[in-house]
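For reference, the structure discussed in these notes is given below.
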Amino acid sequence: MRRWLALLRGFRNILVKELKELMRDPKILLGMIIVPLIMFPVLGGIMSFSMQTAQEQAQKASVLVLNNDDGDFSAILISNLSTTVKVFVENDTSPEEALSRNLLSHYNSTQFIEIPSGFSINMSENLAGNKSVKASVKIYSVFSGSGMFEDLSSSMFDYFIEGFNRQFQPNIVYSERSSIIKGEIKNVDPRMLSTLMLSQAIAMPITIMILLTYSMQIAATSVAMEKEEKTLETLLTLPMDRFAVLMGKLAGSIFVAGIGAVTYMIGFNFYMGSFTSSFSAGANVDLVSLDLVPSLFGYLLLGISLFVTLLSALALAVILSAFAEDVRGAQSLVGYIYPFLFIPSFVLMYVNIESLPFALKMALYAVPFSHPIIASRAVVMGDYWTVAFGIIYVTLFTLAIMYAASRLFATEKILTLKLKFRGLRKNKKEPVE
Amino acid sequence: MSLGVAVETVGLAKDFGSIHALKDFNLKIEKGQVFGLIGPNGAGKTTALRVISTLLLPTSGQAKVFDLDVVRDAGEIRKIIAYLPDEAGVYRNLSGKEYLEFMGRFSARNRNELDEMIRQAADICGLGERLKDRAKTYSKGMKRRLLVARALMTKPKLAILDEPASGLDVLHAYHVREIIKRYVKEHEVTVLLSSHNMLEVEHICDQVTLINKGIIVAEGKPKELKERYGSANLEEVFAKVVGFA
């Protein structure tokens, strides 16, 4: 009994000490408690807002109907559709003609329904008792590769046709789906395409997130380790340009992080491959023939975008680690950048940035880490200008950060900077040796 | 007979916010001297060494190394000095030899010069075959010997050594002190070292400056100081100077 009491007393003493030590460490308090408390509600808010926006847009969307049938049933279908969405009708127009006449942008729509000739005749036959005859409509949707919510408007048509059929006969009308990719009609269901592109929509943000997280940790640790071991002082008194120290550290971190990223991508590819192979079994969808694989130039732009972003993240990590006295401090400080990394990654995984309200869109564009994710979508769609602007912005950001980092290394600040949490603890004066 | 001035500071001051680490700090070190900066922890020794080795900028006053200004000519000064920080570490995953090669490449003009430096360093530190092992397997004393060897192998005009024997046991400390004494004699290097171990300083320094709370409180040759204050050793001198004894 006595032994147990002693054990309990020892345990309690250690526990109280640990809690005091940990909870009084402002880096832990901020990094582990306050940051998640802010980050996840913000993330949730953006996500629910994005979903709401996507739904609203789907409801507000206008639909172009190419009516090539002159019977009564097509008129009923159009009138029913008008009660759900805004409808524009063009008579006797083929889908190819609609595209060549730019009717979609004219009516500010991203999809059209073709009611083929014979629609009403087929409907009448079916209703007269010939169940083997069915009527069809063809739905064409513009594929934008904009993330997981792309299917929302597509599912709206399913509900509509189901409702229409309920009025007459179950399964009397069925729909055929096609995609419009880069202005051309491709005979592939956009929903299947979205499923296939999903792996890409998830893989890229996650890869970028991990690559940047790894490399920032490496860069911050390498500087903090030099400070902790006091090897940095020796380095800074050597006969060389201090910019070389900074560049050497950044290059080393990029190299190691690069190896990590490649290994990760290979592993992730196997992981995603196990899903997509089961998804696409029998679907026979070839992304190359659909022109949904980036060109060599696209890959090059994506590489540049990723590189400048990586450089900005590393320079930022080096600056932050200058404020830390040891490795633990540096890693905690780098943690403050993570929300800026995680929020754009998660948001862009699900949502097309263009569908977001202006302020939110600008906020995401302002975060340099968003750009390689945006670029990864844009190169697939051949939108090279978006990628180029992103590269220019991140390059300017990187130059500014690199300049700040080089100034830090050029002065005594790299040794004397310390982050002060004035609000959290008394600003104690430490003795100077 | 004076051989010229290696280091000179005039009215040097260094502040960290409201803390005055150095105040009106005037120092003159002759070439070829082993000069000791002594004082208790927190006296400002490291700050003075860091300013002279171009790591910190003076808040006011002037510091010159071989007539080069620490602010204006920092790059030139770094070519002729070697600085050994207090409690400095070595790269854990490099072997001792790799560490010396890494450091030597910044000064050596060619492979032969580098090889000669490494040979010198190996001789100074006396680590022998252990130089091939990774530094993380070294004891504290071995690391310090490696670092002292690194600082001296380039034959700097001025070696700035902050607590060169700090944390070492008697034998390792003795070894490090012997290295410094021998090297200065052989290569006419000027050494500025700091220590809070006043007995140690007495053994190797030609000239010493006693510093307390950022201010120079006494200076001279160890023997002169002992005579002036009627003390048996520098520890007693210091205690008398600061009014502790």
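Protein chains in written order, with the working numbering: chain A, 4 to 436; chain B, 987 to 1231. A virtual CB, placed ideally from N, CA and C, is assigned to each residue, including glycine.
Counting along the chain, the unbroken alpha helix (DSSP H) around B:Val1187 starts and ends at 1184 to 1190. B:Glu1016 carries a strand assignment under DSSP once its states are collapsed to helix, strand and coil. For a cut-off of 8 Å, the C-beta gap from A:Asn94 to A:Asn70 is around 5 Å, short enough to register as a contact. In the three-state scheme derived from DSSP, where H, G and I count as helix and E and B as strand, A:Gln172 is classed as coil. Counting the other Cβ atoms within 10 Å of the Cβ of A:Glu179 gives fewer than 16, which makes it exposed. For A:Ser53, same chain residues with a beta-carbon under 8 Å away, outside a window of 5 residues either side, are Phe152, Val350, Tyr353, Val354, Ser358, Leu359 in chain order. Those residues of the region 1065 to 1077 of chain B placed with their C-beta closer than 8 Å to a C-beta in chain A are Lys1065, Ile1067, Ala1068, Tyr1069, Leu1070, Pro1071, Asp1072, Glu1073, Ala1074, Gly1075, Val1076, Tyr1077, ordered along the chain. By alpha-carbon distance to B:Ala1225, the top candidate from B:His1182, B:Val1170, B:Lys1118, B:Asn1098 is B:His1182. Its chain contains Ala222, Val226, Ala408 as the residues whose beta carbon lies nearer than 6 Å to that of A:Val321, once the 5 sequence neighbours on both sides are disregarded; these appear in chain order. For B:Gly1206, the uninterrupted beta strand (DSSP E) run begins and ends at 1201 to 1206, by DSSP. Among the CB atoms of chain A, one or more fall inside 7 Å of the CB of B:Phe1092. Look at B:Gly1022 here: in three-state DSSP terms it is strand. A:Leu67 and A:Tyr110 have their C-alpha atoms roughly 7 Å apart.
Against B:Thr1040, the close residues of chain A are Thr240, in the order they occur along the chain (beta-carbon pairs closer than 7 Å). When 8 Å is used as the limit between beta carbons, A:Lys233 is near these residues of chain B: Pro1071, Asp1072, Glu1073, Ala1074, Gly1075, in chain order. For A:Glu328, not one C-beta of chain B is nearer than 7 Å to its own C-beta. For B:Leu1080, no Cβ of chain A is located within less than 7 Å of the residue's own Cβ. Cβ-Cβ distances below 8 Å link A:Ser65 to Val88, Lys89, Val90, Phe91, Tyr110, Asn111, Ser112 in the same chain, with the five nearest sequence neighbours on each side left out; the list follows chain order. Close CB contacts of A:Ser181 within its chain, under the 6 Å cut and outside five residues either way in sequence, are with Tyr143, Ile188, Asn190 (chain order).
Between the alpha carbons of B:Leu1147 and A:Gly255 lies a distance of about 30 Å.
Against chain A, the CB of B:Leu1043 has a partner CB under 7 Å away; the residue lies at that interface. Residues of the region 218 to 229 of chain A whose Cβ lies closer than 7 Å to any Cβ of chain B: none. Counting only Cβ-Cβ distances below 7 Å, A:Met243 has contacts in chain B at Phe1092, in chain order. In terms of Cα proximity to A:Gln172, the closest of A:Ala131, A:Gln220, A:Ala381, A:Ile211 is A:Ala131. The DSSP-derived three-state label of B:Leu1043 is coil. Contacts between A:Glu236 and chain B, judged by CB atoms closer than 8 Å, involve Arg1036, Leu1041, Tyr1069, Pro1071, Ala1074 in chain order.
The beta carbon of A:Glu21 does not come within 7 Å of any beta carbon belonging to chain B, so the residue lies off that interface.
A distance below 7 Å separates the beta carbons of B:Leu1220 and B:Met1184.
When beta bridges are read from the DSSP output, A:Glu187 appears opposite A:Ile184. Three or more Cβ pairs closer than 8 Å define a contact, and the region 1104 to 1117 of chain B meets that threshold against the region 1130 to 1144 of chain B. Under DSSP, A:Ile142 forms a beta bridge with A:Ile116, A:Arg180. For A:Glu415, the residues of chain B that pass the 7 Å Cβ criterion are Leu1041, Leu1042, Leu1043, in the order they occur in the chain. A buried status is given to A:Asn125, since no fewer than 16 other beta-carbon atoms sit within 10 Å of its beta-carbon.
Between the alpha carbons of A:Trp7 and A:Glu21 lies a gap of roughly 21 Å. For B:Glu1174, the secondary structure class from DSSP, reduced to helix, strand or coil, is coil.
According to DSSP, B:Tyr1069 shares a beta bridge with B:Ile1146.
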